[in-house]
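Visitor: Those sequence lines, one after another, are chains A and B. The opening position of the first sequence corresponds to residue 1 in our numbering, with each subsequent residue numbered one higher. The opening position of the second sequence corresponds to residue 1 in our numbering, with each subsequent residue numbered one higher. The beta carbon of each residue, even a glycine, is placed where N, CA and C say it ideally should be. These figures come from a predicted structure and were not determined experimentally. Sharing a structure here in structure tokens format.
Number of protein chains: 2
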Amino acid sequence: MLDEAALKIAQQRLLAVYDPQRFRAAAEQWGELLATHLERDQQRETRVLNWAEPAANIAEAERWLDGVSTNPAAHFPDIVRQMLDRGHNLHHPRYIGHQVPAPVPIAGLFDAVGSVTNQVMAIYEMGPWATAVERALVNRLGEQIGWQRDSFAGLVTHGGSLGNLTGLLTARNVALGGSWEEGVAGGAGVPRRAPVIIVQGDAHYSVARAAGVIGLGTKQVLRAALDERRKLDPQKLDEQLTELIAQGQRVVAVSACACATPIGAFDPLRDVAAVCRTHGVWMHVDAAHGGAALFSRRYRHLLDGVDQADSVVWDAHKMMFMPALCAFVFYRDKRHRFETFRQEAPYLFDPSAPGMAEYDSGMLTLECTKRAAAYGLWGTWSLFGQQLFEDLVDVTFDLGRVFYEKLLATEDFVPLHEPECNIVAFRHVPAAMKSAPPETLGAFQRELRRRLIESGRFYIVQTNHGGVGALRVTIINPLTTADDLDELLVTLRELGVELLKSDRP
Amino acid sequence: MLDEAALKIAQQRLLAVYDPQRFRAAAEQWGELLATHLERDQQRETRVLNWAEPAANIAEAERWLDGVSTNPAAHFPDIVRQMLDRGHNLHHPRYIGHQVPAPVPIAGLFDAVGSVTNQVMAIYEMGPWATAVERALVNRLGEQIGWQRDSFAGLVTHGGSLGNLTGLLTARNVALGGSWEEGVAGGAGVPRRAPVIIVQGDAHYSVARAAGVIGLGTKQVLRAALDERRKLDPQKLDEQLTELIAQGQRVVAVSACACATPIGAFDPLRDVAAVCRTHGVWMHVDAAHGGAALFSRRYRHLLDGVDQADSVVWDAHKMMFMPALCAFVFYRDKRHRFETFRQEAPYLFDPSAPGMAEYDSGMLTLECTKRAAAYGLWGTWSLFGQQLFEDLVDVTFDLGRVFYEKLLATEDFVPLHEPECNIVAFRHVPAAMKSAPPETLGAFQRELRRRLIESGRFYIVQTNHGGVGALRVTIINPLTTADDLDELLVTLRELGVELLKSDRP
Numbered sequence: 001m002l003d004e005a006a007l008k009i010a011q012q013r014l015l016a017v018y019d020p021q022r023f024r025a026a027a028e029q030w031g032e033l034l035a036t037h038l039e040r041d042q043q044r045e046t047r048v049l050n051w052a053e054p055a056a057n058i059a060e061a062e063r064w065l066d067g068v069s070t071n072p073a074a075h076f077p078d079i080v081r082q083m084l085d086r087g088h089n090l091h092h093p094r095y096i097g098h099q100v101p102a103p104v105p106i107a108g109l110f111d112a113v114g115s116v117t118n119q120v121m122a123i124y125e126m127g128p129w130a131t132a133v134e135r136a137l138v139n140r141l142g143e144q145i146g147w148q149r150d151s152f153a154g155l156v157t158h159g160g161s162l163g164n165l166t167g168l169l170t171a172r173n174v175a176l177g178g179s180w181e182e183g184v185a186g187g188a189g190v191p192r193r194a195p196v197i198i199v200q201g202d203a204h205y206s207v208a209r210a211a212g213v214i215g216l217g218t219k220q221v222l223r224a225a226l227d228e229r230r231k232l233d234p235q236k237l238d239e240q241l242t243e244l245i246a247q248g249q250r251v252v253a254v255s256a257c258a259c260a261t262p263i264g265a266f267d268p269l270r271d272v273a274a275v276c277r278t279h280g281v282w283m284h285v286d287a288a289h290g291g292a293a294l295f296s297r298r299y300r301h302l303l304d305g306v307d308q309a310d311s312v313v314w315d316a317h318k319m320m321f322m323p324a325l326c327a328f329v330f331y332r333d334k335r336h337r338f339e340t341f342r343q344e345a346p347y348l349f350d351p352s353a354p355g356m357a358e359y360d361s362g363m364l365t366l367e368c369t370k371r372a373a374a375y376g377l378w379g380t381w382s383l384f385g386q387q388l389f390e391d392l393v394d395v396t397f398d399l400g401r402v403f404y405e406k407l408l409a410t411e412d413f414v415p416l417h418e419p420e421c422n423i424v425a426f427r428h429v430p431a432a433m434k435s436a437p438p439e440t441l442g443a444f445q446r447e448l449r450r451r452l453i454e455s456g457r458f459y460i461v462q463t464n465h466g467g468v469g470a471l472r473v474t475i476i477n478p479l480t481t482a483d484d485l486d487e488l489l490v491t492l493r494e495l496g497v498e499l500l501k502s503d504r505p
Numbered sequence: 001m002l003d004e005a006a007l008k009i010a011q012q013r014l015l016a017v018y019d020p021q022r023f024r025a026a027a028e029q030w031g032e033l034l035a036t037h038l039e040r041d042q043q044r045e046t047r048v049l050n051w052a053e054p055a056a057n058i059a060e061a062e063r064w065l066d067g068v069s070t071n072p073a074a075h076f077p078d079i080v081r082q083m084l085d086r087g088h089n090l091h092h093p094r095y096i097g098h099q100v101p102a103p104v105p106i107a108g109l110f111d112a113v114g115s116v117t118n119q120v121m122a123i124y125e126m127g128p129w130a131t132a133v134e135r136a137l138v139n140r141l142g143e144q145i146g147w148q149r150d151s152f153a154g155l156v157t158h159g160g161s162l163g164n165l166t167g168l169l170t171a172r173n174v175a176l177g178g179s180w181e182e183g184v185a186g187g188a189g190v191p192r193r194a195p196v197i198i199v200q201g202d203a204h205y206s207v208a209r210a211a212g213v214i215g216l217g218t219k220q221v222l223r224a225a226l227d228e229r230r231k232l233d234p235q236k237l238d239e240q241l242t243e244l245i246a247q248g249q250r251v252v253a254v255s256a257c258a259c260a261t262p263i264g265a266f267d268p269l270r271d272v273a274a275v276c277r278t279h280g281v282w283m284h285v286d287a288a289h290g291g292a293a294l295f296s297r298r299y300r301h302l303l304d305g306v307d308q309a310d311s312v313v314w315d316a317h318k319m320m321f322m323p324a325l326c327a328f329v330f331y332r333d334k335r336h337r338f339e340t341f342r343q344e345a346p347y348l349f350d351p352s353a354p355g356m357a358e359y360d361s362g363m364l365t366l367e368c369t370k371r372a373a374a375y376g377l378w379g380t381w382s383l384f385g386q387q388l389f390e391d392l393v394d395v396t397f398d399l400g401r402v403f404y405e406k407l408l409a410t411e412d413f414v415p416l417h418e419p420e421c422n423i424v425a426f427r428h429v430p431a432a433m434k435s436a437p438p439e440t441l442g443a444f445q446r447e448l449r450r451r452l453i454e455s456g457r458f459y460i461v462q463t464n465h466g467g468v469g470a471l472r473v474t475i476i477n478p479l480t481t482a483d484d485l486d487e488l489l490v491t492l493r494e495l496g497v498e499l500l501k502s503d504r505p
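Spelled out as structure tokens, the structure:
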């Protein structure tokens with residue numbers, strides 16, 4: 001039974017942990033540590049990536065779990081410093097790597113209002129303001145797409161991969177009536193041609209993965225043909241659909257990109273949409289990266305026709321420069337919003353207030369409890385206004401062009417495409433590599449990159465182009481300057497010389 | 001082409017937004033606002049839930065998006081205040097509602113180190129410390145389950161619903177070889193009996209929903225029989241499995257609970273495991289809520305046998321009192337960790353460092369980019385030590401018992417079960433309701449609750465028991481006292497009298 005004395009002692013210990021005064025003191029130290037860290041990043045005084053081998057880092061992380069101090073007030077800043085010293089410095093102007101931004105720093109404060117106070121959704125009453133903020137932003141972003149208020153629907157989920165999964169699950173349920181209840185096998189056991197999904201040839205892996213998750217099978221993913229700029233070819237798509245449908249094949253969806261990740265190619269959405277409409281096939285657009293270009297008067301033409309899609313994914317944690325994760329999913333026709341899932345949890349969805357289900361996020365998203373993932377975006381937008389998002393797109397897309405021109409002006413760097421946005425793929429081809437076989441050239445790029453990132457001087461990524469390894473940057477940091485881009489080339493040359501002198505490769 | 005003057009002007013505007021000095025000033029205001037808010041919550045000076053109708057809240061949230069100030073420094077605290085004034089105050093001691101805790105406040109600061117600096121995973125090199133922290137915690141929690149280091153595997157995902165989906169997807173791929181690639185329809189088109197999943201009769205809706213998502217179909221979800229304490233009955237499960245298998249039915253998994261949500265019933269896991277093993281069926285345990293009891297010497301017996309499960313979900317954002325979301329998924333046999341997905345994204349998974357894929361979170365989780373969701377837990381554990389988690393379980397589980405005894409001591413409240421943890425379902429049955437028909441009694445509970453939560457005096461939830469509406473509390477706030485629980489009964493009586501006087505129900 002109850003040990004009341006023990007209960008009282010434990011309660012006292014917990015009161016100390018929850019003491020607002022302790023929080024106040026820690027928050028003050030926290031703000032100062034973070035601000036100083038951001039200053040050092042911006043001044044290029046830190047390493048970009050603090051590289052350490054996984055086993056060493058894991059052992060270190062475990063060591064701290066055992067390191068309880070008798071003086072938590074003094075220990076708190078040590079722990080924060082450890083996190084900062086071992087992390088990846090996305091605010092360093094020489095971080096130009098994955099499609100994960102150096103976020104607006106103050107966005108993290110708005111986000112953390114939700115974390116400290118634990119604002120969540122699932123049902124409206126659990127997070128009335130979290131829900132309202134999300135809906136307000138769904139309204140605004142949907143209008144940017146070009147839709148009329150109240151005709152479309154949308155939601156926020158934890159990342160573009162979940163966004164693609166959500167959109168394609170909805171497409172599956174619409175295309176294959178009964179698959180939610182009966183399963184993809186079709187209940188009655190009647191054999192039929194297994195349905196397919198058609199995806200842009202360069203689509204993110206999460207699209208094909210979604211086919212595996214939702215029971216269609218990854219072998220049922222057909223690649224759409226691309227043109228020489230690696231854009232989806234509407235003419236060939238039309239032929240492909242015509243042939244499949246003539247064979248009696250069910251097509252669940254066509255998934256297009258705005259843009260695809262390897263070289264940032266934007267598909268011709270208006271033409272793709274016309275083809276999909278002709279054949280009565282659901283059109284999904286993965287605009288995780290490029291959606292924000294809709295805010296730019298100069299770049300929004302890249303998304304022309306996106307308003308014709310049936311479902312659209314748009315990550316605020318990419319080109320709207322929010323901290324991860326805040327991904328939007330939209331349906332052109334709001335009637336599709338309840339097709340994704342078709343259930344009720346009676347203890348969640350209140351029969352005494354049935355109209356409220358319209359505002360229960362759990363009806364629309366894979367998550368039940370969902371964090372207030374849009375707090376960062378709502379606060380940032382309210383503070384700085386919409387112009388900020390146009391600036392972020394314009395500056396980083398422009399710098400993509402600047403970098404491309406720099407590459408063109410050299411003898412020993414080769415851009416692999418003319419960039420449409422802030423993604424540029426290229427290779428370093430010093431004299432010694434001019435006539436190297438493709439495998440050697442590709443391995444050289446990869447080894448060069450590994451040395452570069454482990455040095456902490458820059459962070460860039462790799463890709464394949466024509467089956468051969470290449471380098472790739474995403475300028476997703478508004479602090480990056482043209483001088484930094486010059487310096488990247490200088491550093492790659494320097495490391496290239498070292499690499500060619502060494503045994504490898 | 002490029003307009004260099006325009007580019008420069010936009011860059012200047014962005015530098016001002018990213019200015020670390022601006023962040024420093026905002027962070028200082030932020031910490032003070034949050035600390036003051038926590039004080040007011042703890043002093044019971046705030047309303048618990050700030051109720052407002054959805055349409056009003058959404059309109060208000062949109063209004064702020066248009067309210068750009070010419071003086072952002074002055075506007076920042078207004079925005080934060082607005083978020084706090086409109087939110088749900090989980091740190092109010094009279095928040096005793098859903099299974100979402102009043103989190104350790106300082107955990108939000110550790111979490112926000114990740115948000116401000118945007119620490120993410122997918123591949124190890126993007127978040128070396130984020131990955132290390134997650135792995136360190138996977139090691140520790142897996143050992144709490146009772147497993148030997150290096151024999152099991154685990155991951156963090158964005159919530160228990162995704163956790164259940166991940167575990168059951170793995171079970172599907174193991175049970176139905178080829179379903180990942182060929183689809184659940186089975187490629188060859190050979191009809192066969194559609195496979196089933198067996199779930200605890202009171203399981204969270206996400207388990208049945210997972211069957212819809214992964215293509216098995218929600219009609220293929222069979223409910224396992226429960227005993228009179230609403231626990232899974234191992235004897236009846238054995239009979240059910242024997243019969244199904246004799247009919248040639250494939251059983252993908254049995255999903256048990258530790259605990260189920262309606263009354264917090266813990267299934268007899270050791271006996272359930274023995275039955276599953278006899279029939280060669282995958283055993284999944286949804287320990288989202290109860291997993292943390294493993295830290296308590298007094299309550300860990302509730303999870304006896306959890307180490308026999310094939311997959312386990314355990315949410316740190318429930319009974320470890322972390323901010324949402326930080327859900328762990330475990331596999332007893334580490335060889336199952338790559339069964340969930342079977343793909344590669346060449347630009348993500350680096351052939352020049354193939355051993356690194358072992359540490360790439362994207363290989364294991366539905367998310368590609370994943371936030372450093374374990375930062376809060378790692379920092380809190382490092383600061384306060386493991387004792388904190390035992391205290392949190394002991395205090396809140398004990399208070400469940402305290403509340404139950406209070407209910408028993410009244411004439412007009414009826415507990416619906418003897419609680420095993422911090423979840424207690426009950427009804428208020430004043431004299432006028434003693435002989436009311438069930439529908440009237442249930443409607444009375446629901447209306448009572450609605451008035452209670454909209455008043456801002458308490459937050460509790462509702463449930464069904466025997467098909468009749470009931471009240472339910474989860475004591476998931478270490479600041480809640482026995483006096484608060486007394487006051488809950490007083491308040492319910494008061495509102496009950498008002499309600500009986502009014503027309504409704």
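Give a yes or no on whether the C-beta atoms belonging to A316/B and L377/B are separated by under 8 Å.
Guide: Closer than 8 Å, so yes.
Visitor: Can you give the Cα-Cα distance for A288/A and M320/A, rounded to whole angstroms?
Guide: Their backbone Cα atoms lie some 10 Å apart in a straight line.
Visitor: Spatial neighbours of L222/B within its chain, please: C-beta separation below 6 Å, excluding the five flanking residues on both sides.
Guide: Same-chain partners within the cutoff: V196, I198.
Visitor: Per DSSP, what kind of secondary structure is N464/B in: helix, strand or coil?
Guide: Strand.
Visitor: In the DSSP assignment, find the alpha helix (DSSP H) that holds S179/B and state where it starts and stops.
Guide: Per DSSP, S179/B belongs to the alpha helix (DSSP H) from 179 to 182.
Visitor: Using a Cβ-Cβ distance under 8 Å, would Q42/B count as near chain A?
Guide: Yes, its Cβ sits closer than 8 Å to a Cβ of chain A.
Visitor: First and last residue of the beta strand (DSSP E) that includes Q200/A?
Guide: Element bounds for Q200/A: 196 to 200.
Visitor: Mind checking G305/B: buried by the 16 CB within 10 Å criterion, or exposed?
Guide: So G305/B ends up on the buried side.
Visitor: Which term fits E239/A, buried or exposed, when burial requires 16 or more other beta carbons within 10 angstroms of its beta carbon?
Guide: Exposed: under 16 other Cβ atoms inside 10 Å.
Visitor: DSSP three-state call for C257/A: helix, strand or coil?
Guide: Strand at C257/A.
Visitor: Could you tell me whether the region 16 to 29 of chain A touches the region 106 to 120 of chain B, where touching means 3 or more Cβ pairs closer than 8 Å?
Guide: Cβ pair count under 8 Å is three or more, so yes.
Visitor: Going by C-alpha to C-alpha distance, which of D286/A, E418/A, L2/A sits closest to Q160/A?
Guide: The sequence shown places Gly at residue 160/A, not Gln. Checking every option, the nearest Cα to that of G160/A belongs to D286/A.
Visitor: Can you find a C-beta in chain A that's less than 8 Å from the C-beta of S161/B?
Guide: So yes, S161/B belongs to the interface.
Visitor: Answer yes or no: do A293/B and V393/B have a C-beta to C-beta separation smaller than 8 Å?
Guide: Yes.
Visitor: State whether the region 86 to 105 of chain A contacts the region 117 to 132 of chain B, with contact taken as three or more CB pairs (one from each stretch) at a distance under 8 Å.
Guide: Touching, yes, given that three or more Cβ pairs across the two stretches are closer than 8 Å.
Visitor: Kindly confirm or deny that the region 460 to 478 of chain B and the region 99 to 106 of chain B touch, where touching means at least three C-beta pairs closer than 8 Å.
Guide: Cβ pair count under 8 Å is three or more, so yes.
Visitor: So which residues on chain A does G456/B lean against when the C-beta distance must stay under 7 Å?
Guide: Within chain A, no residue comes near G456/B; the closest Cβ sits about 12 Å away, beyond 7 Å.
Visitor: Compare the beta carbon distance of E264/A and E125/A with 8 Å and say whether it is the shorter of the two.
Guide: One point to set straight first is that residue 264/A is Gly, not Glu, in the sequence displayed. No; because the gap between Cβ atoms is not below 8 Å, this pair is not in contact.
Visitor: Within the 8 Å Cβ cut-off, does M319/B reach chain A?
Guide: No, because no Cβ of chain A sits closer than 8 Å to the Cβ of M319/B.
Visitor: Whose Cβ in chain B lies nearer than 9 Å to the Cβ of W51/A?
Guide: What W51/A touches in chain B: E125, P128.
Visitor: Please state if the CB of L489/B and the CB of K406/B are separated by a distance shorter than 8 Å.
Guide: Contact flag set, yes.
Visitor: Could you list which residues in chain A have their beta carbon closer than 9 Å to that of A453/B, in chain order?
Guide: For the record, residue 453/B in the displayed sequence is Ile; it is not Ala. Correct list: E125.
Visitor: Please state if the CB of L216/B and the CB of V174/B are separated by a distance shorter than 8 Å.
Guide: It is not a contact, given that the beta carbons lie outside the stated cut-off.
Visitor: Please work out which residues of its chain come closer than 6 Å, Cβ to Cβ, to L155/A, disregarding the five sequence neighbours upstream and downstream, and give them in chain order.
Guide: Answer for L155/A: V329, L364, T365, listed in chain order.
Visitor: R401/A lies in the beta strand (DSSP E); which residues open and close that run?
Guide: Note, R401/A: premise wrong, no beta strand (DSSP E); alpha helix (DSSP H) at 387 to 408.
Visitor: Determine the chain A residues that contact H75/B at a beta-carbon separation under 7 Å, and present them in chain order.
Guide: Near H75/B (Cβ distances below 7 Å), the residues of chain A are L383.
Visitor: Going by DSSP, what residue range makes up the beta strand (DSSP E) through W381/A?
Guide: Where W381/A is concerned, there is no enclosing beta strand (DSSP E), although the alpha helix (DSSP H) it sits in stretches over 375 to 384.
Visitor: For the region 134 to 150 of chain A, which residues have a beta carbon sitting closer than 7 Å to at least one beta carbon of chain B?
Guide: Listed in sequence order: R135, A136, N139, R140.
Visitor: Indicate the three-state DSSP secondary structure (helix, strand or coil) for L241/B in the structure shown.
Guide: In this structure, L241/B counts as helix in the three-state DSSP scheme.
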